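One structure is given below, encoded as structure tokens.
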Amino acid sequence: MLWGVNILISGVFNAAVLFLIAAGLQIVFGVQKIVNLACGSFYALGAYFGITALAWAVKLQLPVATFIPILITSGLLLAAVLGPTVERLLRFVYHRDEHFQLLLTFALVLIFEDIIRIFWGASPLQSNNVYFAFGELPLGHNVAVPNYNLIVIGIALAISLGFGWFLQATRFGKIVRATAENAAMCEALCIDLSKVYVAVFTLGVALGTVGGALVVPAAAASLDMGVELIVDAFAVVIIGGLGSMPGALVGALVVGLTRAAAIWLYPEFEMLAIYVIVIAVLILRPRGLLGKSA
Amino acid sequence: MTILQAAEVRKFYGAFCALDGVSLVIGEGEHVSIIGPNGAGKTTLVNVLTGLLRPSAGTVTFKGHDIARLDPLRLSRLGMARSFQLVNIFPQLSVRETIAVAAISRLGMGGRAFAALRKNRLVWEIVERVAGLFGLAGKLEQPTRSLSQGDKKLLDVASAFALSPEIILLDEPTSGVSTAEKTTIMQVLARAAKETGIKAIIQVEHDMDIVFGYSSRIIAVHNGKILADGSPAMIRARKDVMAIVVGRP
Amino acid sequence: MSVASLNASLTGSTRHGVRPVHVVPLLGLLIIAAFPYIAGPHYAILMFSAMGFAIALMGLNLLFGFTGLLSFGHAMFLAIGAYTAAYLTSAKIMALEAILLTAAGVAIVVAVPIGLLCIRYVKIYFSMLTLAFSMLLYSFLFKFYPITGGDEGLRIKLPTPLLFDLSGLDTVTILTGPMYFYVFGMLIALTFLMWRLTHSAFGLGLRAIRENEQKARYLGVNVQRYRLVAFVIAGVYGALGGVIVAIPVGLAEPSIAYWVQSGNLVFMLLLGGYTNFFGPVLGAILFIFFQDQLMSYTEYWRLTFGVLLAVIVIFFPNGLMGVLDHRRVWST
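Chains as they are written, first to last, in the numbering used here: chain A, 104 to 397; chain B, 56 to 304; chain C, 323 to 654.
What follows is the structure, given as structure tokens:
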């Protein structure tokens with residue numbers, strides 16, 4: 104029973120973070136039709152930046168309650184700088200074959216990895232004890248759930264709800280959805296596509312950086328994390344379907360829970376399990392579980 | 056001899072009925088024009104007849120085979136070819152190479168993976184002959200995307216002809232082309248058909264001059280049904296058809 | 323029209339005279355052949371690896387340049403080559419020919435089912451699926467320590483080509499001597515084979531599929547079969563190249579199959595130019611030597627490569643051979 108709860112909580116925690124990254128991937132793909140291999144890099148950058156912010160907060164002896172807002176803010180700040188810059192670069196290949204767009208984002212993966220090396224070095228960084236500073240929630244029978252996980256799950260839920268509201272209810276959200284459906288039409292209706300693209304891309308980056316920042320207290324920031332995340336994020340997107348937000352949620356839950364279960368039960372199969380599911384989904388339902396037709 | 060036959064074909068897009076019980080029989084020696092106003096179902100009909108779309112109900116048989124089971128590849132092997140309304144080309148291949156693809160299929164030489172293509176006299180003979188028939192002989196080296204719109208259309212048709220099919224379906228072969236070029240294309244088509252031994256031509260067409268100038272038979276389609284099916288003289292006499300399709304009695 | 327002028331116009335070279343796009347491959351060939359004599363052992367061994375990558379890349383380009391399918395999982399075949407060499411040499415089967423043949427066989431066995439699955443999808447989905455399969459292999463190699471040696475990998479002992487008596491020679495002399503020219507001979511043979519393949523009716527069919535899949539179907543091209551054959555051939559070339567690349571390293575380890583390695587392969591391809599037949603060979607050589615030099619100057623070589631790739635993608639998508647050859651249309 105104990106391990107059941109652990110799997111559930113760590114699985115949903117994984118899923119929460121994965122969902123944020125995948126949502127970023129989805130919206131960039133949905134609107135700009137670009138598959139962003141560098142989303143993992145944004146995640147890693149968010150993590151490293153978050154650690155630096157946390158270290159600064161600890162030095163200033165700020166209360167624990169401020170940590171999460173600090174992490175989120177650091178992620179948003181980073182996105183505000185990176186988003187428009189990278190989008191400007193991607194503009195060169197908007198009208199080209201998708202292969203080239205993919206390759207340009209791969210170039211970014213290489214570039215960002217060394218940028219992390221330059222600023223933070225090659226060894227993994229940890230935020231000491233921040234995770235435990237949040238305490239635990241006792242559930243009886245000697246079972247306790249770390250509070251941090253619950254908080255992050257809550258934040259992810261809040262973000263996804265806010266996101267959904269934004270897309271449905273606000274004017275800009277409607278413009279974003281319209282652009283995803285038919286960009287040419289939007290242009291004809293005098294919507295400034297370049298503004299939409301910058302905003303959407305920055306939003307996608309922000310989801311990545313905030314996700315990375317939030318994960319930092321629970322895991323170390325390492326050079327591998329971005330590159331490894333890509334495969335998970337793509338698994339999420341493939342399972343849920345390219346272009347579908349509810350799909351990102353479903354995919355994130357599938358991947359997050361599968362990983363957690365595999366780590367606890369069959370560690371050798373941890374990585375295999377995900378790919379087998381991805382391949383099975385691609386064979387049986389290439390659009391993904393909830394995706395629109397390819 | 057019947058080549059192509061449609062029996063009570065229906066096609067639904069969701070709740071919308073594009074084809075509502077279409078039956079027709081095409082035999083040897085016919086040059087059939089399919090006419091009708093926009094949205095009548097002409098292109099849907101051609102797409103169903105050529106296996107691009109599956110009928111929701113009814114059957115289409117080509118030389119006795121039910122084409123629902125056959126994909127475009129097998130249909131082309133059986134002897135059916137088509138051209139497309141929107142220009143359908145290989146942008147970076149030259150005119151010569153485009154026609155060669157069809158010639159290779161016709162000669163059954165697609166499996167040749169080691170023999171140098173440029174030494175294959177049979178293929179290039181077909182390419183030269185077809186290109187000559189369609190007036191493209193002087194443009195053989197040009198990459199297709201640099202051709203004029205009319206030439207691209209001609210090439211699309213020419214490559215279909217190079218398959219030496221028994222029946223060829225052309226979806227608006229003269230659309231998007233200047234009036235002067237239209238007549239040229241039709242003359243080329245008629246001559247090419249004779250020279251390549253095609254048994255039947257089906258043509259979706261909007262230009263009534265062409266329809267009445269070249270067809271041996273006209274099928275008028277409206278709201279997914281066949282309104283009239285007969286010789287040009289018979290169709291011209293049908294005031295209702297002329298009103299719907301042409302807009303004047 | 324005479325056959326001679328037909329031939330000339332087919333290759334598009336109705337112009338007379340020698341142009342850079344002809345000279346570079348010939349020059350390159352001469353340089354590779356003479357390399358052990360003009361450069362020291364370190365660089366000769368680098369060229370040895372480069373030849374292996376060149377073979378693997380020719381396979382990748384059959385898929386990408388000719389058929390329009392970008393595989394982000396080609397590294398899995400290089401891993402197949404490396405691990406085949408490891409298993410066979412540790413089982414005391416040292417004949418290079420046996421290793422190459424087995425690697426090719428394994429590649430075919432693996433490529434057929436994976437290919438059947440992947441070729442049903444195009445563009446991004448194909449890239450993602452091939453990436454997923456490559457990572458599947460990676461995780462298998464990584465986790466199953468008893469079979470695969472885990473992240474430590476498996477040793478590859480130096481194989482010997484048949485009919486060569488290499489007793490008494492040390493590794494470096496072998497790699498820069500008889501084995502080097504053996505591999506060079508392989509490169510020539512496999513390049514010739516690929517040339518014939520791409521200039522055949524099959525090659526034209528592949529290009530037609532790349533240009534317009536639907537129209538190719540309507541003109542009688544069996545799209546799925548052609549794609550599968552291209553995928554399998556690419557896999558075989560990848561495995562053969564993988565054996566060659568792994569020999570000087572002496573180790574088969576999981577990271578060979580990692581998706582970033584596949585990305586590097588694509589980078590090499592773009593560097594040399596995927597629209598030209600010799601682009602892959604040029605790209606492999608450039609990348610290997612550039613990486614070697616770069617790594618001795620700075621530890622931030624990834625950054626340099628990333629910037630270089632970005633520049634190529636944006637400004638020189640047809641790579642170096644594309645720059646030399648001004649025609650936009652794919653040329654021989």
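Every residue gets a Cβ at the ideal spot worked out from N, C-alpha and C, and that includes glycine. Model, not experiment: these values are computed from the prediction.
Asked, Found
"Cross-strand partners of B/S203 (DSSP beta bridge)", "B/S203 pairs with nothing; no bridge assigned."
"Simplified DSSP state of B/L282, which is helix, strand or coil", "strand"
"Rounded C-alpha distance that separates B/D295 from A/E284", "41 angstroms"
"C-beta neighbour in chain A for C/K479, strict 8 angstroms", "no"
"Rounded separation between A/K277 and A/L123 - CA only", "20 angstroms"
"Outcome for B/N93 when other beta-carbon atoms lying within 10 angstroms are tallied against a minimum of 16", "exposed"
"C-beta contact flag for A/G314 and A/G114 at 8 angstroms", "no"
"Pairwise C-alpha distance: B/L108 and A/G344", "26 angstroms"
"Rounded separation between B/A70 and B/A112 - CA only", "14 angstroms"
"Interface flag, C/L519 vs chain B, CB-CB below 8 angstroms", "yes"
"Min CB distance B/R137 to chain C below 8 angstroms", "yes"
"Coarse secondary structure for A/I254, derived from DSSP in three states", "helix"
"Selection from A/T305, A/I377, A/A351, A/L310 that minimises the alpha carbon distance to A/E190", "A/T305"
"Three-state class that DSSP yields for A/L294 in the structure shown", "The displayed chain sequence assigns Ile, not Leu, to residue 294 of chain A. If DSSP states are grouped into helix, strand and coil, A/I294 belongs with coil."
"Residues in the segment 173-207 of chain A having any Cβ partner in chain C nearer than 8 angstroms", "L192, F195, V196, R199, E201, H202, F203, L205, L206, L207"
"Distance between C/S584 and C/S449 (C-alpha atoms, nearest Å)", "10 angstroms"
"8 angstroms Cβ cutoff, C/V651 in contact with chain A", "Annotation note: pLDDT 44 at C/V651 (below 50); position unreliable, coordinate value reported separately. No, its Cβ sits nowhere closer than 8 angstroms to a Cβ of chain A."
"Residue-chain proximity (A/M328, chain C), Cβ-Cβ < 8 angstroms", "no"
"Validate contact between the segment 132-151 of chain A and the segment 294-303 of chain A using beta carbons, cut 8 angstroms, 3 pairs", "yes"
"Where B/I144 sits in the DSSP three-state scheme", "coil"
"Span separating the alpha-carbon of B/A73 from that of B/N143", "24 angstroms"
"C-beta contact flag for C/A511 and C/L385 at 8 angstroms", "no"
"Contact set between the segment 624-653 of chain C and chain A, restricted to residues whose Cβ is under 9 angstroms from the partner", "R624, L625, T626, F627, G628, V629, L630, L631, A632, V633, I634, V635, I636, F637, P639"
"Where B/F71 sits in the DSSP three-state scheme", "strand"
"Within chain A, the residues that C/S449 reaches when beta carbons sit closer than 7 angstroms", "L205"
"Rounded separation between A/G329 and A/L317 - CA only", "14 angstroms"
"N- and C-terminal bounds of the alpha helix (DSSP H) containing B/Q242", "234-251"
"Buried versus exposed call for A/Y146 [16 or more other C-beta atoms within 10 Å across all chains shown]", "buried"
"C/G446 at chain A interface by Cβ criterion, 8 angstroms", "The identity of residue 446 of chain C in the sequence shown is Ile, whereas the question assumes Gly. It does; some Cβ of chain A falls within 8 angstroms."
"Close beta carbons around C/Y622, own chain, < 7 angstroms, minus the five adjacent residues each side", "none"
"Interface flag, B/S131 vs chain C, CB-CB below 8 angstroms", "yes"
"Listed by chain order, chain C residues near B/E152 by CB distance under 7 angstroms", "L526"
"Beta-carbon gap between A/I333 and A/L140 smaller than 8 angstroms", "yes"
"Cutoff 8 angstroms: A/D335 Cβ touching any chain C Cβ", "no"
"Residue-chain proximity (A/Y378, chain C), Cβ-Cβ < 8 angstroms", "yes"
"Cβ distance (whole Å) where A/S297 is taken to contact A/E216 below 8 angstroms", "Actually they are not in contact, since the Cβ atoms of A/S297 and A/E216 sit about 29 angstroms apart, beyond 8 angstroms."
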